[in-house]
Each structure stands twice: as structure tokens, then as C-alpha cells.
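Student: Chains as they are written, first to last, in the numbering used here: chain L, 1 to 461; chain H, 1 to 189.
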Amino acid sequence: MKPSLAQTGSRRDFLKMGGLVGAGLVLGAPSILRAATGQSAPDAINVGFIGLGKQHEVLFNAVKNIPGLHFNAVCDIMKNRVGGAFSRIKNAFGNQPARYTDAEEMLAKEKDLDAVIVATPDFWHSRHTVWALESGKNVYCEKMMSNTLDDARAMVAAMERTGKLCQIGHQRRSNPRYLFTLNELLRRHRICGQIVNANGQWNRAVGSSQDIQVKASILPDKETLLKYGFGRPGKDLTLEELQHRFLNWRFYKDLSGGPISDLGAHQIDVFNWFFGMQPWRVMASGGRNYFKDREHFDNVMCIFDYATPDGGARAFYQVLTTTSAGGGYFESFMGIDGTINISERAAYTNIFREAGTAPSWDHLVAQGYLKRSAAPKAAADSSDAIASYESAAPETYELPGGLSKPPHQPHLENFFEAIRGKAKLNCDARHALESEAPIYWVNPAAESGQTIIFDTEHLHV
Amino acid sequence: MFCSNPILIMNSDDPLPSSKACCSSTLGPALGLLTIRIWLGLRALATGIEKFAGSKASEAAVLIDGKPNGYGLTESASEKVYGLSHYHGIPEGLRSAFKAEPLLPGFSLDIYDKVLGPALIILGITVLLGILPRLSLFAMGLLYTSLTFGLILLKQDAGVAWLAIHIILIAMALIYSDRDKCVLLGRKW
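(1) Starting from proline 400 of chain L, find everything on chain H with Cβ-Cβ shorter than 9 Å and list it in chain order.
(2) Taking buried to mean at least 16 other C-beta atoms within 10 Å of its own C-beta, is asparagine 147 of chain L buried or exposed?
(3) Which residues in chain H sit within 7 Å of serine 404 of chain L, going by Cβ to Cβ distance?
(4) Whose C-beta lies closer than 7 Å to the C-beta of glycine 327 of chain L among residues of the same chain, with five residues either side of it excluded?
(5) Using 9 Å as the threshold, is the C-beta distance between phenylalanine 297 of chain L and threonine 322 of chain L below it?
(6) Could you tell me whether any Cβ in chain H is nearer than 9 Å to the Cβ of proline 176 of chain L?
(7) Using a Cβ-Cβ distance under 9 Å, would phenylalanine 415 of chain L count as near chain H?
(8) Take serine 332 of chain L as the anchor and find which of L:Ile342, L:Asp310 and L:Pro444 has the nearest alpha-carbon.
(9) Please look up how many angstroms separate the CB atoms of aspartate 114 of chain L and asparagine 95 of chain L, rounded, as I've assumed it's under 8 Å.
(10) So what does tyrosine 144 of chain H bridge to, in DSSP terms?
(11) Going by DSSP, what residues sit across from isoleucine 165 of chain H in a beta bridge?
(12) With a threshold of 16 other CB atoms inside 10 Å of the CB of asparagine 443 of chain L, please say whether the residue is buried or exposed.
(13) So for leucine 320 of chain L, helix, strand or coil by DSSP?
(14) For leucine 412 of chain L, decide whether its Cβ has a neighbour in chain H, counting only Cβ atoms nearer than 9 Å.
(15) Could you name the residues of the same chain whose beta carbon sits closer than 8 Å to that of leucine 169 of chain H, not counting the 5 residues immediately before and after it, in chain order?
(16) Could you give the distance in angstroms between the alpha-carbon of glutamate 50 of chain H and the alpha-carbon of isoleucine 66 of chain L?
(17) How far does the alpha helix (DSSP H) with glycine 124 of chain H in it extend, from its first residue to its last?
(18) So what does valine 196 of chain L bridge to, in DSSP terms?
(19) Rounded to the nearest angstrom, what separates glycine 28 of chain L and glycine 117 of chain H at their Cα positions?
(20) Going by C-alpha to C-alpha distance, which of L:Tyr178, L:Glu413, L:Arg88 and L:Glu142 sits closest to arginine 345 of chain L?
(21) Do you know how far the Cα of isoleucine 165 of chain H is from the Cα of proline 133 of chain H?
(22) Taking Cβ-Cβ distances shorter than 8 Å, what residues in chain H pair up with leucine 185 of chain L?
(23) Exposed or buried, what is arginine 188 of chain L when buried is set at 16 or more other beta-carbons lying within 10 Å of its beta-carbon?
(24) Out of curiosity, what's the CA-to-CA distance linking threonine 396 of chain L and glutamate 436 of chain L?
(25) Should the region 246 to 258 of chain L be called in touch with the region 406 to 413 of chain L, which here means at least 3 C-beta pairs below 8 Å?
(26) In this structure, how does DSSP classify tyrosine 178 of chain L when only helix, strand and coil are distinguished?
(27) Thinking C-beta only, is threonine 224 of chain L closer than 9 Å to isoleucine 77 of chain L?
(28) May I ask which residues mark the beginning and end of the alpha helix (DSSP H) holding phenylalanine 52 of chain H?
(29) On the three-state DSSP scale, how would you describe phenylalanine 98 of chain H?
(30) In the DSSP assignment, what residue or residues form a beta bridge with proline 68 of chain H?
(31) Would DSSP call alanine 44 of chain H helix, strand or coil?
(32) For isoleucine 125 of chain H, which residues from the same chain have a beta carbon less than 8 Å from its beta carbon, with the 5 sequence-adjacent residues on both sides left out?
(33) Can you tell which of L:Trp361, L:Asp269 and L:Asn414 has the C-alpha that lies nearest to the C-alpha of proline 176 of chain L?
(34) Where serine 383 of chain L and threonine 339 of chain L are concerned, what is the direct C-alpha to C-alpha distance, given to the nearest angstrom?
(35) Looking only at DSSP bridge pairs, what is methionine 301 of chain L linked to?
(36) Would DSSP call lysine 80 of chain H helix, strand or coil?
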């Protein structure tokens, strides 16, 4: 497939931020970007990978199921990973992708690439994405867009300057369960009524948050690590320190945004997407409570305030990296008529109707929009139950179906369909940044202990 | 099938009108043996057929208002199917346990895996219909003994006891096989 040539016309005019809410109102809208026309749909899309670590493996396990792709090139500064990705592709598809340890070289030599999938550390996302866009490739880049707002803004600018597609890896935006919940249950049928609160969490146990360790002999050497930005200006780091930063870049402030960015970005994006707007302020608290030597907070809690058309709403988010208690990872939207707990994991998804006060959902069950779950156990009468404290137990429901693919696959499919001109991106760089921008202010709010009231300087794209 | 009616095979020279006595003395054992053979035959046949069983997973679009939804929401369904491609002689859990047993060479395990299902089906049919009934029962006994041997190695006492019941039934059928009246082929064998 030839790279797209045409530039989509009025993209830059699409959003003109007149104010925070004005900008936020388009958060939920899909991109109007389309791949350039004139491409022959049946042709294979030539794909290259930049960044071949753990997240690459997740993406590859999803992308390998998508027909019509040809994996031409792989790149990582760690030769061992390059060899691993080469073998994975060769074993699965029979072809031998070109191997690179330098992304610029790959982009310069691989003229036939239609798309590049970027899964490098956050502080490299922007440069890799901008280089790829400017070399005529469409880009799928993992979230968080970057570790700095300015670099994320550079990605949006490059996307709009080049007219190429740039999808950001907020994969929930293409998940049928999330799309159905938002469009059918929350917006069309308004089953929750006025949503007054949202909350979300991603809690991980200490055991899942340990340092990544790999035998030193297969890691890049000092010269390579310094060349590719893992050093620290003004400090002469040892090879061991550099290798630790290479493997555990998520712990360092100059390389990443920490847990609120690594984990929270997905779920705070869902808040903004579902509310259809950016929040107007954030307050936060955090601390290095267990991993005391890490630069980022290991426990963060934050509250965003929204001014929705129905009234004020708050969204609470916590990312705890010291305990897994509390029901896994999910986002919850609580309205006066019902609550939806949704998660990428179907097992964490539940829908509750306020018994006795909410309108009946029987017609929705009959039409197939909802499934009724087994009735929850009634609370047993006991001496600690005080009637006036209790609410009636809600009725429980389920989504009528699920996703039968790896969770990243629909988002990648959307990206490739957009390249073919058959779909609009579900999360292009502009919409992604509108949603991500508030997240960049959580750590500063937690560090300072100050509530941050957003203005256009904070959130502009 | 030649099914010897105990009434018809009575000696006509019998001085007494003892058809009633004769019937009662031969009909019971004959039916008893037939019952054991039916049980053993169906047991082996069904077990053998089940070794060709598998499941076929399918995904169907969720229907909203009677039409497939446009979001890609799917419902999973699993259907039991039979076919050669689903054949599994030794269950996977047992197979890996057997592989770790030094007294069971790997090649013999592969052969056994291939033979077990068809052998159960063939012996089930022959025992059920009465084809070479003695040889069939004996072969079935050997087969169950071989299974018992494997389970003894794995210390699966419940399975050993369960198979022992089969062996007792087979032994009873063989001991009283001369009273077997429903034989399709090879009465002597």
C-alpha cells in the first residue's frame, strides 16, 4: 500500500478553543481525519515497530490477528529484543522483517512503510511519532503521549502539519463494551440519569510493582544508553544506573509521568471521554509510601471537577502500587438512577439499578440492551444493621455481550481501517491530548498540595 | 442375531411338563448375562465415542431489537461436536502424568493413545452384539487391566477401584458364558 498523499483539509479549523468547556465538548467526538484517498484497499499495509519491549508484545499479540498487514521492520536499541521480535514475525508469518537498532535509520530506509507502531518509553514517544509522521508514515503510538505536555503538543502539530494519521493507544475508545455503554446506555437511554460521580482505580500489589531485572549481558552498553537519552544531564551515571533507568524508566521523572500517567491515563481518559469534556479543576494527594527511593509517588489520589450540562460532577481516581485490594481496575459512573462499573475485564463490570426509585429497565432487557444478573443476596438482618442507614439493595445487570478479541485489537483495527480510508480514528492525537492534558497536572497538584484551576494555558492543545 | 429361546431349546423328551422349571433355570442367567454384556458394551462404546468429542466455540453478534448490534459485542457459545480431529485417547492431564512415569515408555504411550478409543468402540460393539463374546470379553478385560496399571502408577485409587468393578463384571460374564444365549457370531469363542 502506498503511503497516503493527500492532506485532509480543514483539520486545523475543526477545533477552535473558545474556552475550556467549548474545547471539552468535542472530547467524545471521533476524529474527522481520514486516510488519504486513492489507496487500494485490498493491498497489505506495511507496518514497522519501534520499541520492542513488553508493550510491544501486548500489541503484537493483538495486531497479528488482523488480516491485510505485512510486518516489514522492527527496531529497538536492545538487540536481544530485536531478535525476539524478528523471530515472532518470522514464526507467525514466514517473512523476515528488517532489523534496526536506530529508529531514524529505519524510518529513512523503509520507504514503503505505511504505518509505524510506537511502543517506546514515554520520553521517546514524541520524537519517534514526529519523525515517523514527517517521513510520511501513519503512526499508532502508545499512551501516555509523552512525559511532557509540550512534547505531546508537538505530536498533535506534526499530525496536523503532515496530514498523516496518528492514533494514540487509549484502546478503550475502540472497545465495543465501552462504546456500547457510552452511546447506548449512558447517552441514548440515560440509564444512570444524572451522573454526579465517577470513580476509578488501578491498584497493584507490591509484588507486581517490583523493579524489572534482566541479565546485564543482553542490555545495551553505556554508550548506547547515553546516546538514546537514558543518561541524566550533569551526572555521570554508572552502567548499572543507566541500565536500571533503561529497564525501569517508569520510575524516573525525566523519563515518564509515573503511575498516574502509566495506569491512570487510561481511566482518566474514560472520565473525560464519557463526560464529553475536560474537568475545570483538580486536587490531588500522593506519597512515596512503600517505594521510598522512587522518584514518582507510588500512591496517588486525585479528584477532578466537571461542569456537565446536568450539573456538577466529580471524578475520583486512585492508583495504588502497594496493594491490589479493592476490586482490580475499573471505572465507575454513578448516577441517581443507576451505576455502571466498567472495566476492560468483563469480570469487573457490573451495572446497578436503584431499586424502587429508578425507572424500570425491563424494556431494555426485553430489547437486548441489558441482561439481568442473578439477584444479589439480601443483607441478613443482624444487630449491626440500622434501618435508617440502609438503602434498598440495587438490582444488578450485565452488558449483553463482550469482546472476543484481545482488548487492544479493535483500536488497532480502527487505525488500519482509517489508513484504508474506511473509518475515522477513534482517538487521534488531538482528541487524545484534550483528554490527557488534565492528567499532566495531577503530579504538580499532589506535589504542591494546591488545587489547580485549569485555564487554557493548562489544557490547550 | 441368534437368540436361543430357552423354551424352544428344551429337550422335548423331558418326561415332565417342566418347561416352567427349565425356563426359570435358564432364563434368569441368560438375561443376567445379557444385562452385564449390555452394560459393559454400552460403557465401552460410549467411552470410546467420547474420545472423539470436542467443543466448537462460536461467537455470535448480540442482538439488539432483534438485529445484530453495530458495536461488535459478541456472545460466546460452545457446542459439543464429534470428529476425528477432536480425538484424544488419553486425557491431557493423565498423559502428562504418564509421561513422567519411567515404567511407561513414551512410544508405548503414543501407541496406546492412538489405539484406546477405537479399541473401546470395537469391543463395545462386539460385547454388546455378542460377536466372539468370550474373546471380546477377555480383550476388554485386558484393556481395563492395562488402564488399571496406569492408574496404579499414578496412585489413583478411586479409578483403580472403579475399573475393578468392570473387571469383576467381565469375569462373571466369562465364568457364566456357557449360559449366554444371545450370540450373533462365534458362540464357541
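Note that the Cβ used here is the ideal one computed from N, Cα and C, for glycine as well.
Here the structure is a predicted model, which is why all the values come from computation and not from measurement.
Tutor: Straight from the coordinates:
(1) Here residue 400 of chain L refers to the residue found at position 400 when the first sequence is read from its first residue. Chain H residues near proline 400 of chain L: Val62, Leu63, Ile64, Asn69, Leu73 and Glu75.
(2) For the purposes of this step, residue 147 of chain L is taken as residue 147 along the first sequence, with counting starting at 1. Here asparagine 147 of chain L is buried: its Cβ has 16 or more other Cβ atoms, across all protein chains shown, within 10 Å.
(3) Locating residue 404 of chain L in the first sequence gives position 404, where the first residue counts as 1. Correct list: Glu59, Thr74 and Ser76.
(4) In the first sequence, residue 327 of chain L corresponds to position 327, counting from 1. Once the five neighbours on either side are set aside, the close Cβ partners of glycine 327 of chain L are Tyr348.
(5) As a working note, residue 297 of chain L is residue 297 in the first sequence. As a working note, residue 322 of chain L is residue 322 in the first sequence. The Cβ atoms of phenylalanine 297 of chain L and threonine 322 of chain L lie no closer than 9 Å to each other.
(6) Along the first sequence, one-based indexing puts residue 176 of chain L at 176. Interface annotation, proline 176 of chain L: in contact with chain H, CB-CB separation under 9 Å.
(7) Counting from 1 along the first sequence, the entry for residue 415 of chain L is found at position 415. No, no contact with chain H.
(8) Reading the first sequence from its first residue, position 332 is the one you call residue 332 of chain L. Closest by alpha carbon: L:Ile342.
(9) Translated into positions along the first sequence, residue 114 of chain L becomes position 114. Translated into positions along the first sequence, residue 95 of chain L becomes position 95. So it is not a contact: roughly 15 Å between Cβ atoms.
(10) As a first step, residue 144 of chain H must be located in the second sequence, where it is residue number 144. According to DSSP, residue pairing for tyrosine 144 of chain H in a beta bridge does not occur.
(11) Numbered from its first residue, the second sequence carries residue 165 of chain H at position 165. For isoleucine 165 of chain H, which the question treats as bridged, DSSP gives no partner whatsoever.
(12) Here the question's residue 443 of chain L lines up with position 443 in the first sequence. Result: buried.
(13) Here residue 320 of chain L refers to the residue found at position 320 when the first sequence is read from its first residue. DSSP places leucine 320 of chain L in the strand class (E or B) of the three-state scheme.
(14) Working through the first sequence from its first residue, we reach residue 412 of chain L at position 412. Residue contact check for leucine 412 of chain L against chain H: no CB pair falls below 9 Å.
(15) Within the second sequence, residue 169 of chain H is the residue found at index 169, counting from 1. If we look at leucine 169 of chain H and ignore the five residues flanking it on each side, its Cβ neighbours are Ile36, Trp39 and Leu40.
(16) Counting from 1 along the second sequence, the entry for residue 50 of chain H is found at position 50. Counting from 1 along the first sequence, the entry for residue 66 of chain L is found at position 66. Their backbone Cα atoms lie some 35 Å apart in a straight line.
(17) Taking the first residue of the second sequence as 1, we reach residue 124 of chain H at position 124. From DSSP, the alpha helix (DSSP H) with glycine 124 of chain H extends over 106 to 129.
(18) Against the first sequence, residue 196 of chain L aligns to sequence position 196. Answer by DSSP bridge pairing: none, since valine 196 of chain L is not bridged.
(19) Translated into positions along the first sequence, residue 28 of chain L becomes position 28. Translated into positions along the second sequence, residue 117 of chain H becomes position 117. With a pLDDT of 44 at glycine 28 of chain L, under the threshold of 50, the predicted position of this residue should be treated as unreliable, though the coordinate-derived value follows. For glycine 28 of chain L and glycine 117 of chain H, the gap between their C-alpha atoms comes out near 58 Å.
(20) What you label residue 345 of chain L is simply residue 345 of the first sequence in a count that begins at 1. Answer by Cα proximity: L:Tyr178.
(21) Taking the second sequence and counting its residues from 1, the one referred to as residue 133 of chain H is at position 133. Taking the second sequence and counting its residues from 1, the one referred to as residue 165 of chain H is at position 165. When rounded, the separation of the alpha-carbon atoms in proline 133 of chain H and isoleucine 165 of chain H is 19 Å.
(22) The sequence position of residue 185 of chain L within the first sequence is 185, counting from 1. Neighbours of leucine 185 of chain L on chain H: none; closest Cβ ~11 Å, over 8 Å.
(23) Taking the first sequence and counting its residues from 1, one reaches residue 188 of chain L at position 188. Around the beta carbon of arginine 188 of chain L, a 10 Å sphere encloses fewer than 16 other beta carbons of the protein chains shown; the residue is thus reported as exposed.
(24) Reading the first sequence from its first residue, position 396 is the one you call residue 396 of chain L. Reading the first sequence from its first residue, position 436 is the one you call residue 436 of chain L. Rounded to whole angstroms, threonine 396 of chain L to glutamate 436 of chain L spans 32 Å at the Cα level.
(25) The answer is no - the region 406 to 413 of chain L does not touch the region 246 to 258 of chain L, with fewer than three Cβ pairs under 8 Å.
(26) Position 178 of the first sequence, counting from 1, holds the residue named residue 178 of chain L. Residue state, collapsed to three classes: helix.
(27) Locating residue 77 of chain L in the first sequence gives position 77, counting from the first residue. Locating residue 224 of chain L in the first sequence gives position 224, counting from the first residue. Yes, Cβ-Cβ distance for isoleucine 77 of chain L and threonine 224 of chain L is below 9 Å.
(28) Locating residue 52 of chain H in the second sequence gives position 52, where the first residue counts as 1. Secondary structure note for phenylalanine 52 of chain H: it is in no alpha helix (DSSP H), with a DSSP letter that is neither H nor E.
(29) Position 98 of the second sequence, counted from the start, is the residue given in the question as residue 98 of chain H. Helix.
(30) Mapped onto the second sequence, residue 68 of chain H falls at position 68. Note: proline 68 of chain H sits in a beta bridge opposite H:Leu63.
(31) The sequence position of residue 44 of chain H within the second sequence is 44, counting from 1. For alanine 44 of chain H, the three-state secondary structure derived from DSSP is helix.
(32) Here the question's residue 125 of chain H lines up with position 125 in the second sequence. Counting only residues of its own chain and dropping the five nearest sequence neighbours on each side, isoleucine 125 of chain H has a CB closer than 8 Å to the CB of Gly41, Leu45 and Ile131.
(33) One-based indexing of the first sequence puts residue 176 of chain L at position 176. Answer by Cα proximity: L:Asn414.
(34) On the first sequence, residue 383 of chain L is found 383 positions in, with the first residue counted as 1. On the first sequence, residue 339 of chain L is found 339 positions in, with the first residue counted as 1. Rounded to whole angstroms, the separation of the alpha carbons of threonine 339 of chain L and serine 383 of chain L is 29 Å.
(35) Locating residue 301 of chain L in the first sequence gives position 301, where the first residue counts as 1. Looking at the DSSP output, methionine 301 of chain L shares a beta bridge with L:Ser285 and L:Gln318.
(36) Your numbering for residue 80 of chain H matches position 80 in the second sequence. Look at lysine 80 of chain H here: in three-state DSSP terms it is strand.
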